[in-house]
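Shown next, in structure tokens, is the structure this report addresses.
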Amino acid sequence: MIRLDNLTKVFDTPKGAVTAADHISMEVPSGEICILLGPSGCGKTTSLKMINRIIRPTSGKVFINGEDTSSLDTQALRRNIGYVIQQIGLFPNMTIEENITVVPKLLGWDKAKYRERAREMMRMIALEPDAFLKRYPSELSGGQQQRIGVARALAADPPVMLMDEPFGAIDPINRAVIQDEFLKMQQDLKKTIMFVSHDIDEAIKMGDRIAIFRAGKLVQYSEPDELLAAPKNDFVESFLGEDRALKRLNLVKVRDLASDEIGLVRPDDSLETALKRIEEYGYQNSIVMVNDKRQPVGIINAAVARTTSGHCRDHFMSVPVVVSLDDDLRKVASLMFANDMTWVACVDDDGRIVGQITQRAITHHLGSRYRTHSRDQATLDAAASLSPADKE
Amino acid sequence: MPTLNLSGAMRLLVLVAVFVAGVWSQSSGVIDDFIFYLPDIQYLAVQHLWLTAISGSLAIMTAIPLGILLSRPSMQKVAESAMQVLNVGTTIPTLAVLALSMSFLGIGTVPAVFGLFVATLLPITRNTYTGLKGVSPALKEAAAGIGMSPTQRLLRVELPNALYVIFAGIRTALAINVGTVPLAFLIGAGGLGELIFTGIDLYDPVMMLSGAIPTALLAIGVDMLIAIIAFLLVPRGVNPSRA
Chain V
1 MIRLDNLTKV FDTPKGAVTA ADHISMEVPS GEICILLGPS GCGKTTSLKM INRIIRPTSG
61 KVFINGEDTS SLDTQALRRN IGYVIQQIGL FPNMTIEENI TVVPKLLGWD KAKYRERARE
121 MMRMIALEPD AFLKRYPSEL SGGQQQRIGV ARALAADPPV MLMDEPFGAI DPINRAVIQD
181 EFLKMQQDLK KTIMFVSHDI DEAIKMGDRI AIFRAGKLVQ YSEPDELLAA PKNDFVESFL
241 GEDRALKRLN LVKVRDLASD EIGLVRPDDS LETALKRIEE YGYQNSIVMV NDKRQPVGII
301 NAAVARTTSG HCRDHFMSVP VVVSLDDDLR KVASLMFAND MTWVACVDDD GRIVGQITQR
361 AITHHLGSRY RTHSRDQATL DAAASLSPAD KE
Chain Y
1 MPTLNLSGAM RLLVLVAVFV AGVWSQSSGV IDDFIFYLPD IQYLAVQHLW LTAISGSLAI
61 MTAIPLGILL SRPSMQKVAE SAMQVLNVGT TIPTLAVLAL SMSFLGIGTV PAVFGLFVAT
121 LLPITRNTYT GLKGVSPALK EAAAGIGMSP TQRLLRVELP NALYVIFAGI RTALAINVGT
181 VPLAFLIGAG GLGELIFTGI DLYDPVMMLS GAIPTALLAI GVDMLIAIIA FLLVPRGVNP
241 SRA
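Residue numbers (UniProt numbering), protein chains in the order written: chain V, 1 to 392; chain Y, 1 to 243.
The structure is reproduced here in structure tokens:
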């Protein structure tokens with residue numbers, strides 16, 4: 001747990017005093033990632049760096065796991081905090097192994113222990129220990145270097161990590177990969193992490209909580225979904241962007257909105273039954289056909305069912321579009337738009353149909369908590385236009 | 001293929017030239033004249049190196065700590081003016097420095113060593129200072145952020161990363177030093193300058209060259225020695241010659 005209590009930093013500049021961080025108070029629960037987000041110069045980096053005293057606070061206190069850190073020696077404090085910076089900052093004069101074991105050595109671990117720890121860290125970040133430990137940072141790609149940077153920060157197993165735009169200098173494709181790897185590691189490690197970013201998408205993806213800063217003040221501190229649904233003021237709202245309703249799609253899983261009511265037909269049902277069910281469930285143009293194990297095998301087109309007679313098994317078409325319960329709504333929305341559908345069947349891990357997710361459920365979910373601060377109706381209209389023509 | 005032929009022809013030409021020079025020097029008796037000076041050369045070369053070694057090591061031992069001191073953040077305000085003072089110091093010709101030190105310290109080895117020390121000090125101080133200042137702020141922040149003390153930061157991060165630049169300074173300084181030692185003869189400290197200046201005065205080219213050629217060879221030798229030490233000491237990850 002990290003708790004900031006009225007943390008303030010005033011810089012004396014030739015132009016007078018500048019308040020970079022103004023009475024910041026917040027708490028990050030153990031095992032969560034908190035993203036500090038805001039435009040440049042908003043005080044997010046200053047706030048982060050006051051935690052490990054790279055910047056000395058003018059006033060206020062930092063508590064880590066309930067302990068007031070102002071009583072701790074600076075070096076001891078920092079050795080218990082993992083620190084990752086955007087420029088990576090690997091020591092070019094040291095091998096990868098020496099870089100990773102710097103903190104364990106400072107803490108006085110014995111040689112066998114820290115060498116084993118280096119190999120363990122390499123496996124954790126999915127780099128082959130024998131191939132990399134003896135190499136130098138300049139021989140690695142940017143993405144590999146930043147993985148080592150994360151490994152170095154984690155080597156002494158600190159309970160808390162500070163990350164200052166750690167993935168900012170990495171190309172977008174590698175960045176997404178490293179973000180995913182990092183989240184996977186975090187599931188096991190459960191570190192308490194403060195993470196500075198200026199990228200709203202990164203914040204939504206990585207954060208359990210997001211703190212929005214502006215001009216040295218903490219403006220809003222909420223969970224991502226709450227933040228996107230109900231920004232506190234115009235600044236937050238404009239910072240999140242006009243498509244903030246769409247951004248929420250990333251945060252919700254199919255599991256949360258799927259209903260277990262779904263109309264299905266079996267191969268030996270007649271087309272007449274199929275047509276009846278299509279109307280009964282209000283589907284626009286088709287219905288899913290399943291086998292004995294409730295696995296989807298095809299779809300029956302409404303047009304075919306209307307004009308032809310016979311059994312479903314003789315008149316089905318290609319395998320239908322389905323989504324898994326763990327997919328996010330962004331994928332669902334994309335499939336719906338691509339295939340001109342208002343609903344998608346959901347399958348479990350064994351590929352059995354367990355329900356459906358409808359466009360209506362999605363828009364209802366997004367709309368139910370959507371609030372706006374702008375007098376301009378444009379954003380509201382944009383959100384409303386997401387709803388289908390209500391003709392299901 | 002023309003380049004290969006050209007370099008082959010050049011090599012042949014050089015061989016022929018060396019051979020002709022050898023034949024000429026043997027027939028004209030120059031070699032014998034040089035051999036006449038050999039004991040002098042040996043004695044004076046040792047004296048010459050001794051002057052370089054003493055003044056050079058004193059300069060290194062002073063300049064590196066001075067450079068480190070000036071590069072510390074707490075010295076930021078005075079560092080630039082101190083470097084300016086040192087810069088002005090080097091614009092004074094070495095001969096003038098020797099003359100000045102002679103007028104305070106008299107004649108002999110001591111004023112010579114002092115003059116050479118002053119001439120050698122600046123390049124090393126300047127390179128130590130700029131080398132340490134040039135270490136990326138990100139590295140220093142990373143080192144501080146993971147909990148290194150200021151001394152650990154200096155020894156494990158800053159100095160190793162500045163070492164290549166510092167060694168470049170030492171190379172330049174010692175090359176200057178070896179080349180300046182002949183002037184020390186003028187204030188009575190000996191060295192190969194004795195042959196050079198006496199040769200000039202007596203209009204004896206062989207005697208002059210007996211001092212000049214070994215001086216040049218010593219300068220090259222010292223430079224190579226420092227280069228080898230740098231190659232071995234600078235960590236592989238930050239050593240351009242071992243990349």
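Positions of the beta carbon are idealized from the N, C-alpha and C atoms, including for glycine.
Just the Cα atoms here: how many angstroms apart are residue i and residue j?
| i | j | result |
| --- | --- | --- |
| V160 (chain V) | L139 (chain Y) | 21 Å |
| F372 (chain V) | A230 (chain V) | Checking the sequence, you will find Thr at residue 372 (chain V) rather than Phe. Going from the Cα of T372 (chain V) to the Cα of A230 (chain V) covers about 7 Å. |
| L264 (chain V) | V354 (chain V) | 11 Å |
| V222 (chain Y) | Q144 (chain V) | 41 Å |
| N291 (chain V) | V297 (chain V) | 7 Å |
| G131 (chain Y) | I178 (chain V) | 34 Å |
| E261 (chain V) | A303 (chain V) | 23 Å |
| D348 (chain V) | S324 (chain V) | 6 Å |
| T69 (chain V) | G31 (chain V) | 19 Å |
| S309 (chain V) | R352 (chain V) | 28 Å |
| F195 (chain V) | E223 (chain V) | 14 Å |
| I60 (chain Y) | S210 (chain Y) | 30 Å |
| V219 (chain V) | I100 (chain V) | 37 Å |
| S387 (chain V) | D340 (chain V) | With a pLDDT of 48 at S387 (chain V), under the threshold of 50, the predicted position of this residue should be treated as unreliable, and no value is reported. |
| Q75 (chain V) | G108 (chain Y) | 52 Å |
| P29 (chain V) | L106 (chain V) | 28 Å |
| P235 (chain Y) | P137 (chain Y) | 20 Å |
| T62 (chain Y) | N93 (chain V) | 25 Å |
| L77 (chain V) | T8 (chain V) | 19 Å |
| A305 (chain V) | L275 (chain V) | 6 Å |
| P205 (chain Y) | G199 (chain Y) | 6 Å |
| D327 (chain V) | L249 (chain V) | 10 Å |
| A211 (chain V) | M336 (chain V) | 33 Å |
Can you find a C-beta in chain Y that's less than 7 Å from the C-beta of residue i?
| i | result |
| --- | --- |
| residue 471 (chain V) | Residue 471 (chain V) lies beyond the stretch modelled for chain V, which goes from 1 to 392, so this question has no answer here. |
| A92 (chain V) | Position check: residue 92 (chain V) holds Pro in this sequence, whereas Ala was assumed. Yes, contact with chain Y. |
| Q356 (chain V) | no |
| G89 (chain V) | yes |
| R79 (chain V) | yes |
| E392 (chain V) | Annotation note: pLDDT 38 at E392 (chain V) (below 50); position unreliable, no value reported. |
| I54 (chain V) | yes |
| A131 (chain V) | no |
| Q144 (chain V) | no |
| Y83 (chain V) | yes |
| Y114 (chain V) | no |
| Y281 (chain V) | no |
| L72 (chain V) | no |
| L4 (chain V) | no |
| L48 (chain V) | no |
Alpha helix (DSSP H) containing residue i: first to last residue?
| i | result |
| --- | --- |
| D188 (chain V) | P172 to L189 |
| M336 (chain V) | L329 to N339 |
| N301 (chain V) | That residue, N301 (chain V), is in no alpha helix (DSSP H); its beta strand (DSSP E) goes P296 to N301. |
| I204 (chain V) | I200 to M206 |
| V85 (chain Y) | Q76 to T91 |
| L95 (chain Y) | T94 to L105 |
For a cutoff of 7 Å on Cβ pairs, would you count residue i as touching chain V?
| i | result |
| --- | --- |
| V238 (chain Y) | yes |
| P235 (chain Y) | yes |
Would you kindly report the start and end of the unbroken beta strand (DSSP E) that includes residue i?
| i | result |
| --- | --- |
| W50 (chain Y) | From DSSP, W50 (chain Y) is part of no beta strand (DSSP E) but of the alpha helix (DSSP H) over V30 to S71. |
| Y136 (chain V) | Where Y136 (chain V) is concerned, there is no enclosing beta strand (DSSP E), given that its DSSP letter is neither H nor E. |
| D5 (chain V) | I2 to T13 |
| Y221 (chain V) | K217 to S222 |
| F167 (chain V) | No beta strand (DSSP E) contains F167 (chain V), which DSSP labels as neither H nor E. |
| D22 (chain V) | G16 to V28 |
| M194 (chain V) | T192 to S197 |
| L127 (chain V) | Premise fails: L127 (chain V) is in no beta strand (DSSP E) and is neither H nor E. |
| V322 (chain V) | V322 to S324 |
Unbroken beta strand (DSSP E) runs of length 3 or more, entirely within the segment 228–291 of chain V: which are they?
Runs of the beta strand (DSSP E) inside the segment 228–291 of chain V: 286–290.
4-residue-minimum alpha helix (DSSP H) runs that sit fully inside the segment 126–211 of chain Y, ordered along the chain
137–145, 159–184 and 193–201
Of the residues that make up the segment 137–171 of chain Y, which ones have a beta carbon closer than 7 Å to any beta carbon in chain V?
A138, L139, E141, A142, A144, G145, I146, G147, M148, S149, V157, P160 and N161
Let me know the alpha helix (DSSP H) ranges lying completely inside the segment 51–97 of chain V, each 4 residues or longer, listed in chain order.
74–79
Positions along the segment 9–41 of chain V whose CB lies within less than 8 Å of some CB in chain Y:
none
Select from the UniProt domain "CBS" (316–375) of chain V all residues with a C-beta closer than 9 Å to any C-beta belonging to chain Y, and list them in chain order.
none
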